[in-house]
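Below is one structure, written out as structure tokens; comments come after it.
Residue numbers (the numbering used here), protein chains in the order written: chain A, 1241 to 1614; chain B, 1241 to 1614; chain C, 72 to 461; chain D, 72 to 461.
Okay, here's the thing in structure tokens:
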């Protein structure tokens, strides 16, 4: 048992924090909420220069060769400052899918581009049914003339508006898990993309694929074997999201503690009132529990160990814990916290989006029940 | 809408409180916890003299002719002081069953005796399966030689050790609700009764009926129609129990408020600490909500109106609310509250028994779901 | 006891329901009344409700009421909230008017009540200040006597509907040297005068609901002092109990819950109706129970008022329970909607036209506005149960 | 990071498990160690555990330990709690000993630690008094210097295992005129002396677990003063952090939860296995998650100790979370058992031999003993987060 960061992770964490404190203040986050793209190209290039986009890719693909645990350390920091932009979708949802399923050629082609910030990729998985299982994939791909024709509707696809390439999960057989993955450039004929209005002011899209033709080389991995990769990506996504949430929750706790120390009512700081103190204590306990339960799962994933139960436990807990932390944060902040100008609500809106991403606690409690044989 | 007691109810409440404060102090309750019968004959006679045993029976059966709402007002008071003895089982579970199902002759014979304190009756319904539906009745009664032979095991029968007569629910046909009721004197051959060790130190028994022969006249109501009565009795029982719980919860609140006013720590009454204040506020809100939700159902039952939803809502809420009130009462009392010598634990143990009697919140939430068409 | 309405009351509810059915657009799902785009419709509805005499039913006839029962007024409030119908000015009808009837002069009542009854005015509430929220009595807005007037300087905040208001009730400090509760007066000020400035505050749901109101030498005639000079705190507290005593909390929850239940009956997911998922059905049953408790807590307040009793801890119980329930309903709703819960009202994929998402965001303020849940529990404990102040 | 045990640690757990399997009766379901009928077995087990060197593994060898890692000790504590095995004297091994290693003199360590390591003694904790519970520092038991001794007078209460104890650690006031935290000393007293009287306190589960201990001119040699005179509060606080830092909370919950899950798999109700009831299965999954969180909160405390860090808010988090979870597990267990949950251990109809019912009653004290949940949250907020004291 070792619950601490190693030296390299601590350095990564420190440098990320330093970079983000300088480059990603909430003024930037707020600007990006209103911005059409949702991030600046300048910031994206800086992120690439930090090596974050290739952090988890092996060196032969232009990456740094760190592991998922290291990536989680980074995501805790990006979550802390609510860093806008397609890092999560490009690296965790796009890049790691390519890394897991792609042919050597595909990896050689795509991963270095991602690492350099030249290629933005996302995963188009969920559909209007909003299911996380293979049944949820109703988009079909059929072979035609040496290539494939894909039709269907994808919903809640993050950063599809700026992604150069979509990894599209499509049904290629009648078996439950007969799902295959395809690389579909955004500008392919028949692809239309519409931004959704979401609670987190993030950039999720509806993608309609209307008889979209792609060549045989667009197939990522083997036919009907895509779901094996998706299952891994869902676990990475869930725990990567947990790491972001831990960072966000910690920041909400910190900002709340700061606020209740300085806000005075009845002639004393409101942080001296027991009700407020207990709210803060509950928040702190939730943050602490969230952190270890997240890193336990991240470590298992990082080691390539079976982690169904650990992942489900983590996402079930953190999804609710972050929301509770925000609820109490709001309660401690009073009216100022739900004004648009205050940062508190930036976090609580993102907490809701993160809660439902990759399955909420209802979904993962069901998975826990299955994992322990209930 | 009228949420207040009428004058007669207020008088009943006042006189009950006066009587119980004098006759049923906690010293008596504690003595009776250790007593084999669980109450004194002297007290029983006094209760009969108060008219409580016949309160709800029509005057032609030796009763006072008050209604179920009036009875609920009384039960709130008996619950407040945890009055020991078979009043609830004799009146609500025994007497009201006879009143609903019995022939004129049976009512003429039994009810005046109950009202006078001469006859103690209980309902033997639940079995080791602990189900509250008709499927739960596996005890059988078969016709033989002009009478009936009854066999089976009843569990959790209140006050069976002192009841002269058991109303036994037994299966008399293959249909789901082919249940009939029988009057079985305790001393009938083949009846054996064993006291159970229970959390509330109340007096519940296992009753084994081993080929018990009763005459045809033992049938209460019609063959295979007993479940109609049982459904009513379960509603009366649930809401009568809620009324007791409201009384108990109010007393727990009162004793807790009293304690936290006088108990001093850190140089001030602990009731001046916000955490304790908020515990007490939550208790008070639970008591208030419990009272109105109980009386709403009691009024509906009293008026003979359909009340499935009101009953289920009340028992679902009050079962949990009373337990919450006790939990917080304990938390405010600290260590002294879970010593045997303190009254707090007398209430919290009874709260648990009342919670599960006539269905707990899980059971009744399911009933609510059905009632609103979920 | 009687847990039903009289035939007359039932008839009135029916009449009101039909009126609203006729007046509200077919697809009416409620709106943020105070937003500019809806304000015209709000005023129109107000006029019509006033013509029916419904805005102020329980008032004495001399002030524009009908001397109806408190229960009739509760039914009006409940049904309006349940139907999410616009038109009520709660600051005037629910809060100011009953306070004026207790503490106001005959002249004040005659001046201010009839226009409210006629639906001609909008009031707002000048209570909170940037440095005085939960500790309202520490407020620093000053009112200084100057001839026949008070001259007001200071800043009020979180002032809902100030941008539409004609009048504001202002708690202002008139005696700076007195103990803080003893130097406050309750004044009725005209919003349409120089020296009153209104700045919008946008909330997290991107709605302009609150405002900041700044007074710079604004004037209030002395006859607009309600209650005694320097005793305004007690007038203001009376008003707060009225503010917190609403049946609106449970009515709103009930409506949203019913819509959720219907949605779960109508919607399939993973091959079965949502309602057939036992975890979902359990959550909805649980909320049904709590909504019923919330309803009775608020009925009790009205019943007490009808008996001439003054609800106090009961208002705080109803308020804290009701607003926490509103948050639970919104939270469970979001849980049920899952990914779709993220979608705003303008999205074609948004279930229930995005109402749940809006409720999720707007109810954040429910346990804070009109006194936080913590303050309510303080009140229940100290004023209600007699626990010593901390 | 590494979220697994080393092979050596796994081996030790396995060895301990097998040892306990051999030593405990086949149908061992745990007992109330401190009850008279079980006490002989407790002492027997203690001796055997001592012979294995397990009672005090992480201690330095010179005091009877083995210099093993904190994690090894955690495994011992976790497994013992999980198996509900008797024999540990937590007052000595978990609380007093690590405190003595920090604050004790060499002489005290040499005198008191080896007997603990050999399993020869029982300690108890003389902290609370009738008028000093949460406000422990207000304690009034007096210790007055008299020659080479202190003479103690006063009353301690809620003293678990005092009726079996050889020694008691006493917080006593040695300087009545100092500020309350600055006049307390930490003393080690012999229970077997005139002037020490032990009276039983029976708890709501009808178990003799607590006692009242009265000192009437009892004597403590001055060499038994731990830490400085009048600075005992800080010694005592060190001990409290050790007391609250246990993995026992989660281990106990884990065991009970697993038994409940097995029971739900084995038991049919209403024609299906209990476990197939989605509402029940959801509750069990939820508790599984919380038990895991509780486990990691306590692992973190041990990990900090292994790094030479001093857990403080972490102990209070682990304690409050862990004990509240114990209550939830017992509550859910009772919900699942329904009517049968009422039955005590002696009833033939009692599921799981009445353990759930017993847990339901005994865990009432969990959030009160060793500092209430309210006190833990105060500590997290003030000492942990730096919020100003109220």
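Even glycine gets a Cβ: it sits at the ideal position worked out from N, Cα and C.
Classified as buried, residue 1399 of chain A has 16 or more neighbouring CB atoms from the shown chains inside 10 Å of its CB. Taking one beta carbon from each stretch, the region 1442–1460 of chain B and the region 1486–1493 of chain B have fewer than 3 pairs nearer than 8 Å; the two do not touch. Residue environment for residue 1413 of chain B: exposed (fewer than 16 other C-beta atoms within 10 angstroms of its C-beta). Within the region 1375–1396 of chain A, the residues whose Cβ lies closer than 8 Å to some Cβ of chain C are 1375, 1395, 1396, listed in chain order. Taking a C-beta distance under 9 Å as the contact criterion, residue 135 of chain C and residue 129 of chain C do not qualify as a contact pair. According to DSSP, residue 240 of chain D shares a beta bridge with D:196, D:259.
Judged by DSSP secondary structure, residue 1453 of chain A falls outside any alpha helix (DSSP H) and instead within the beta strand (DSSP E) spanning 1444–1454. Against chain B, a Cβ distance below 7 Å from residue 406 of chain D picks out 1600, 1602.
Within chain C, the residues placing a beta-carbon under 8 Å from that of residue 1520 of chain B are 451, 452, 456, 458, ordered along the chain. Annotation: residue 182 of chain D to residue 1590 of chain A spans about 59 Å, alpha carbon to alpha carbon.
Contact between residue 249 of chain D and residue 1614 of chain A is ruled out by a C-beta separation of about 58 Å, above the 8 Å threshold.
Taken through DSSP and simplified to helix, strand or coil, residue 91 of chain C comes out as helix. When secondary structure is reduced to three states using DSSP, residue 271 of chain C falls in the strand class. Interface with chain B (9 Å Cβ-Cβ cutoff): residue 443 of chain D is included. A direct Cα-Cα distance of roughly 15 Å separates residue 1484 of chain B from residue 1330 of chain B. Following the DSSP letters along the chain, one finds residue 1381 of chain B inside the beta strand (DSSP E) bounded by residues 1380–1384.
Inter-residue distance for residue 1438 of chain A and residue 1324 of chain A is about 14 Å (C-alpha atoms, whole angstroms). Annotated three-state conformation of residue 1431 of chain A is strand, per DSSP.
Of all residues in the region 343–358 of chain D, only 348, 349, 350, 353 come within less than 9 Å of chain C when Cβ atoms are compared, listed by chain position. In this structure residue 1405 of chain B is not in contact with residue 1391 of chain B, their Cβ atoms being roughly 18 Å apart against a cut-off of 8 Å. Shortest Cα-Cα distance from residue 101 of chain C to any of C:444, C:122, C:423 involves C:423.
By the neighbour-count criterion, in which a residue is buried when 16 or more other Cβ atoms sit within 10 angstroms of its Cβ, residue 1450 of chain A is exposed.
At a cut-off of 9 Å between C-beta atoms, residue 1515 of chain A counts as an interface residue with respect to chain B. Taking the beta carbon of residue 1596 of chain B as reference, the chain D residues within 7 Å of it are 409, 410, 412, 413, listed in sequence order. A direct Cα-to-Cα measurement between residue 449 of chain D and residue 349 of chain C gives close to 39 Å.
When DSSP states are grouped into helix, strand and coil, residue 364 of chain C belongs to the helix group.
Proximity of chain D to residue 1578 of chain B at the Cβ level (cut-off 7 Å) is accounted for by 274, 275, 435, 436, in chain order. Annotation for residue 1431 of chain A: 1424, 1447, 1449, 1452 place their beta carbon closer than 7 Å to its own, counting only its chain and skipping 5 residues before and after.
The DSSP assignment places no complete run of the beta strand (DSSP E) inside the region 406–453 of chain D (cut-off: 3 residues). By the C-beta density criterion, residue 1442 of chain A is buried, having at least 16 other C-beta atoms within 10 angstroms. When the five nearest sequence neighbours on each side are left out, the beta carbons in the same chain lying within less than 7 Å of the beta carbon of residue 149 of chain D are those of 318, 322, in order along the chain.
In the three-state scheme derived from DSSP, where H, G and I count as helix and E and B as strand, residue 249 of chain C is classed as coil.
Counted as a single uninterrupted DSSP element, the alpha helix (DSSP H) harbouring residue 1496 of chain A occupies residues 1466–1502. Neighbours of residue 340 of chain D in chain B, taken as residues at a C-beta separation under 9 Å, are given in chain order as 1369, 1370, 1371.
C-alpha of residue 432 of chain D to C-alpha of residue 439 of chain D: approximately 13 Å in a straight line. Taking a beta-carbon distance threshold of 9 Å, residue 175 of chain C does not count as an interface residue toward chain D.
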